[in-house]
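What follows is one structure encoded as structure tokens, with my remarks underneath.
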Amino acid sequence: LVVNDRSRIPSTEFAKPRIKCNASMTGLTDKMPAYLLWLSTIVAVVLASLDSSANPEEYVAPRSASTGTRSVPTLQFVAVVTRHGSIAPFNTIPTSLYQSNDTSVWPFGEGELTQIGRVQMYKLGQIIRSLYDGFLDQAYQPDEFKATSSFVGRALQSAEVFLAGLFPPTGYQVWNEHLLWQPIPVFPSLFDHHEMVLIDGNNLCPRFKEAQKLSLMKSNNGLPLPDWANKIYPEPISSLWFEIAKALFTDSIDQIKYMEGELFQELVGLMKSKANNTLSPDTRMYYYSGHDYTLLALLAMLGQRSLEEIGFVSTGSALIYELHRDPDTNKFYIEVLFVDGVSPEWGPMDVDIQACDPPCDLYQLLNITDKYYKITNWKEECNFISRTA
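Take the sequence shown: its position 368, counted from the start at 1, is 349 in the working numbering, and no numbers get skipped.
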């Protein structure tokens, strides 16, 4: 960055001093040599041109060409929900080779985003860019993109790194030529009740805990596994995890509804507003940084209730909702994609929506999922436990 380059400084910093004209200044230009008058005029014009073109508030970046593989003319809106990147363990068994409090292995601390996790999320941001470049402007525009996250540190950090991959600064957005990063706001969201129902569900959502109780009644960090672990991982540990996760989080409508129903309500609200041409600002992409349970519950809403079919939601995975408009019928339809964090280079996979053949009509999707997102007052509904439960 050249500090004395006037073209990089807003025009307000070069405001001309107010000069009060008086009799002593009258005729000043008459006494000025012609060549100086000509030269000063040229300089003034050039400086004015530099100032006006450099002001970021007045700059309108041209929309990039539609080069993304998913940037098709029918596309109207995209919602991306991700699981955070790989993290250090919260705790370990006493005989583990990699104790959670060992800073030589986990320098960022227990439960924190690792270097591998940061790389995962950065690459995921690049993948989303490769899919939607052109539909989403290369220059960050607040009116067309919004980033949100759960309140948890690992999700917030993942969002920041994801955005660095999605929006590397270009042109006037480059403020340091040695740091290809720009600040993009990430808004904490109250719609994801992941932490509340897990940490203090008995007090915050008794209805969720009751449903969970009834259900129970009926290689991410690149470290080599010890020999004994190879006998139980990936099987039977993975199958056991599927059963536990299903019983804990996705085995009933109430569990899914009070875990992620309000987040899904937010997503479908945005899509309905887009279809009705009432979305303001006219957002093109909405991003949410969440957890594995976030994606599990959202997939379950689409009919993917069998975790054996879904598989383990790896760190750095993404669930994508695309809203399209049919140019012939003007009707809106939904396509859902999944990017696996283990092999993101394979590209997005189609997600089948139960009871809704492709292309799945937007309003048909809303009808078959309304039992999950029809929430008027989350707190009141959470405190109600049916006598017949």
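Ideal Cβ positions, reconstructed from N, Cα and C, are used throughout, including at glycine. Keep in mind that this is a model prediction, so the values were computed, not measured.
Taking only the alpha-carbon atoms, compute the straight-line gap between residue i and residue j and give it to the nearest angstrom.
{"i": "residue 248", "j": "residue 212", "result": "42 Å"}
{"i": "residue 342", "j": "residue 312", "result": "8 Å"}
{"i": "residue 316", "j": "residue 151", "result": "31 Å"}
{"i": "residue 92", "j": "residue 70", "result": "5 Å"}
{"i": "residue 323", "j": "residue 296", "result": "8 Å"}
{"i": "residue 104", "j": "residue 129", "result": "19 Å"}
{"i": "residue 66", "j": "residue 240", "result": "21 Å"}
{"i": "residue 161", "j": "residue 113", "result": "20 Å"}
{"i": "residue 333", "j": "residue 279", "result": "13 Å"}
{"i": "residue 321", "j": "residue 83", "result": "29 Å"}
{"i": "residue 364", "j": "residue 238", "result": "14 Å"}
{"i": "residue 300", "j": "residue 102", "result": "14 Å"}
{"i": "residue 371", "j": "residue 62", "result": "Examination of residue 371 is not possible in this model, given that the chain is present from -18 through 370 alone."}
{"i": "residue 50", "j": "residue 58", "result": "15 Å"}
{"i": "residue 307", "j": "residue 251", "result": "18 Å"}
{"i": "residue 340", "j": "residue 54", "result": "16 Å"}
{"i": "residue 263", "j": "residue 159", "result": "33 Å"}
{"i": "residue 155", "j": "residue 217", "result": "50 Å"}
{"i": "residue 220", "j": "residue 86", "result": "28 Å"}
{"i": "residue 305", "j": "residue 77", "result": "49 Å"}
{"i": "residue 164", "j": "residue 106", "result": "15 Å"}
{"i": "residue 257", "j": "residue 303", "result": "16 Å"}
{"i": "residue 99", "j": "residue 228", "result": "31 Å"}
Quick check on DSSP: helix, strand or coil for residue i?
{"i": "residue 84", "result": "coil"}
{"i": "residue 50", "result": "coil"}
{"i": "residue 357", "result": "coil"}
{"i": "residue 373", "result": "Here the chain comprises residues numbered -18 to 370, so residue 373 is not present and cannot be evaluated."}
{"i": "residue 113", "result": "helix"}
{"i": "residue 270", "result": "strand"}
{"i": "residue 169", "result": "strand"}
{"i": "residue 225", "result": "helix"}
{"i": "residue 124", "result": "coil"}
{"i": "residue 307", "result": "coil"}
{"i": "residue 93", "result": "coil"}
{"i": "residue 319", "result": "strand"}
{"i": "residue 298", "result": "coil"}
{"i": "residue 342", "result": "strand"}
{"i": "residue 69", "result": "coil"}
{"i": "residue 135", "result": "helix"}
{"i": "residue 335", "result": "coil"}
{"i": "residue 103", "result": "helix"}
{"i": "residue 324", "result": "coil"}
{"i": "residue 119", "result": "coil"}
{"i": "residue 372", "result": "With the chain represented from -18 up to 370, any question about residue 372 goes unanswered, as that position is not in the structure."}
{"i": "residue 130", "result": "strand"}
{"i": "residue 275", "result": "helix"}
{"i": "residue 29", "result": "Note on residue 29: pLDDT 35, under 50, position unreliable in the model; the coordinate value appears next. Helix at residue 29."}
{"i": "residue 57", "result": "strand"}
{"i": "residue 259", "result": "coil"}
{"i": "residue 293", "result": "coil"}
{"i": "residue 313", "result": "strand"}
{"i": "residue 64", "result": "strand"}
Ordered along the chain, which non-local residues of its own chain (more than five positions away) have a Cβ less than 8 Å from that of residue i?
{"i": "residue 358", "result": "none"}
{"i": "residue 350", "result": "245, 249, 282 and 283"}
{"i": "residue 167", "result": "128, 129, 130, 137, 140, 141, 144 and 270"}
{"i": "residue 362", "result": "188, 239 and 356"}
{"i": "residue 73", "result": "79, 80 and 81"}
Kindly indicate which residue of the options has the alpha-carbon position closest to the one of residue i.
{"i": "residue 329", "options": "258, 338, 304 and 108", "result": "108"}
{"i": "residue 360", "options": "155, 265, 301 and 187", "result": "187"}
{"i": "residue 96", "options": "262, 135, 303 and 122", "result": "135"}
{"i": "residue 298", "options": "56, 52, 264 and 64", "result": "64"}
{"i": "residue 173", "options": "305, 331 and 275", "result": "275"}
{"i": "residue 56", "options": "319, 89, 266 and 133", "result": "266"}
{"i": "residue 268", "options": "331, 149 and 170", "result": "170"}
Starting from the C-beta of residue i, find all residues in its chain whose C-beta is less than 7 Å away, skip the five residues before and the five after it, and write them out in chain order.
{"i": "residue 254", "result": "260"}
{"i": "residue 335", "result": "283 and 284"}
{"i": "residue 345", "result": "337"}
{"i": "residue 374", "result": "Absent from the model: residue 374. The displayed extent of the chain is -18 to 370, so no value can be given."}
{"i": "residue 347", "result": "249"}
{"i": "residue 314", "result": "305, 307, 340, 341, 342 and 343"}
{"i": "residue 90", "result": "69"}
Taking 7 Å as the cut-off, is the CB of residue i close to at least one heavy atom of the ligand COA?
{"i": "residue 263", "result": "In the structure shown, the ligand COA is absent, as is every other ligand, since no ligand is present at all."}
With a threshold of 6 Å on Cβ separation, who are the neighbours of residue i within its own chain once the five nearest residues in sequence on each side are excluded?
{"i": "residue 110", "result": "147"}
{"i": "residue 121", "result": "148 and 165"}
{"i": "residue 318", "result": "301 and 329"}
{"i": "residue 60", "result": "248, 267 and 302"}
*Three or more C-beta pairs closer than 8 Å, one from the region 345 to 355 and one from the region 238 to 258: is that the case here?*
The answer is yes - the region 238 to 258 touches the region 345 to 355, with three or more Cβ pairs under 8 Å.
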